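The next block holds one structure in the form of structure tokens; read it before the comments.
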Ligand SMILES: [Zn+2]
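Numbering (the numbering used here), first residue to last: 10 to 234.
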């Protein structure tokens, strides 16, 4: 794969998006930063892991009623699999579909590893990590723009993160399966608020110990125009 086309900021978003259509949004998320947008029903969000092995923590809410939000449990139970990939329907607690994974170049994304926080970092890695910026702080900062607070934060999706489960049930957070330029694409089934933390974690391999930017491209299929 020629990764230069993906990592070059000037590369044509239309060519990079996994689903053809008019480009209605093309934004970069800085390393360690938050991001959010409403993806309209029928539009497709392509997330590009520009430099590889970058965990993108993600929560979904119905834009019209943010009490309807992503449920890892409902999603896992419905598809009878703990990993997210092409065909996965990302559901609310009610079972209602919020988004569907329509294309995926990695094959395995996590939804059980959770989001890092200052508290969890301190517990896992020691007091010296308390002041490190973390995903929960990103979610709170960005979520406040939409009226969301800490009680709105639920178990999240970790795009591009590799969390294998051993036969004995043990979880690992290990080196990622992603690589520079790998993409995943999500179609909104209804107008969906996508809340993202481009994970700042540097104490485990989820970001290759080096957080990097990602790119968000939303396309609108031509038939919908
Ligand atoms: Zn994180």
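Cβ coordinates follow ideal geometry from the N, Cα and C atoms, glycine included.
Since this is a predicted model, take the numbers as computed values, not measurements.
DSSP three-state assignment for residue i, whether helix, strand or coil
i, result
"residue 194", "strand"
"residue 129", "helix"
"residue 28", "coil"
"residue 56", "strand"
"residue 84", "helix"
"residue 208", "coil"
"residue 124", "coil"
"residue 11", "Caution is warranted here: a pLDDT of 48 is assigned to residue 11, below 50, making its placement in the model unreliable, and no coordinate value can be reported."
"residue 22", "helix"
"residue 46", "strand"
"residue 232", "helix"
"residue 222", "coil"
"residue 217", "coil"
"residue 39", "coil"
Other residues of its chain near residue i: CB distance less than 7 Å, five sequence neighbours each side excluded
i, result
"residue 56", "65, 168, 192, 193, 223 and 225"
"residue 172", "119, 121, 122, 180, 181 and 182"
"residue 93", "110, 118, 120 and 166"
Euclidean distance between Cα positions of residue i and residue j
i, j, result
"residue 103", "residue 77", "8 Å"
"residue 79", "residue 154", "18 Å"
"residue 101", "residue 129", "25 Å"
"residue 75", "residue 117", "27 Å"
"residue 187", "residue 63", "8 Å"
"residue 115", "residue 216", "15 Å"
"residue 213", "residue 60", "17 Å"
"residue 164", "residue 20", "34 Å"
"residue 218", "residue 67", "19 Å"
"residue 81", "residue 136", "30 Å"
"residue 199", "residue 110", "14 Å"
"residue 196", "residue 176", "33 Å"
"residue 26", "residue 96", "18 Å"
"residue 149", "residue 89", "31 Å"
"residue 43", "residue 147", "5 Å"
"residue 132", "residue 91", "25 Å"
"residue 143", "residue 84", "25 Å"
Close Cβ partners of residue i (< 6 Å) along its chain, the five nearest in sequence each way excluded
i, result
"residue 145", "124 and 126"
"residue 23", "32"
"residue 11", "Confidence in residue 11 is poor, its pLDDT being 48 and thus under 50, which makes the residue's placement unreliable; the coordinate value appears in the next sentence. There are no such residues."
"residue 45", "151 and 204"
"residue 230", "30"
Whole-Å CB distance - residue i paired with residue j, under 8 Å assumed
i, j, result
"residue 47", "residue 72", "5 Å"
"residue 28", "residue 112", "7 Å"
"residue 53", "residue 227", "7 Å"
"residue 108", "residue 157", "The pair is not a contact, with the Cβ atoms about 17 Å apart (cut-off 8 Å)."
"residue 237", "residue 170", "Residue 237 is absent from the model: the chain starts at 10 and stops at 234."
Same chain only: Cβ atoms within 8 Å of residue i, ignoring 5 sequence neighbours per side
i, result
"residue 220", "40, 41, 63, 207, 208, 209, 210 and 211"
Problem set entry | Ranges of the alpha helix (DSSP H) found wholly within the segment 135 to 191, counting only runs of at least 4 | Entirely contained in the segment 135 to 191, the alpha helix (DSSP H) runs reaching 4 residues are, in chain order, 144 to 152.
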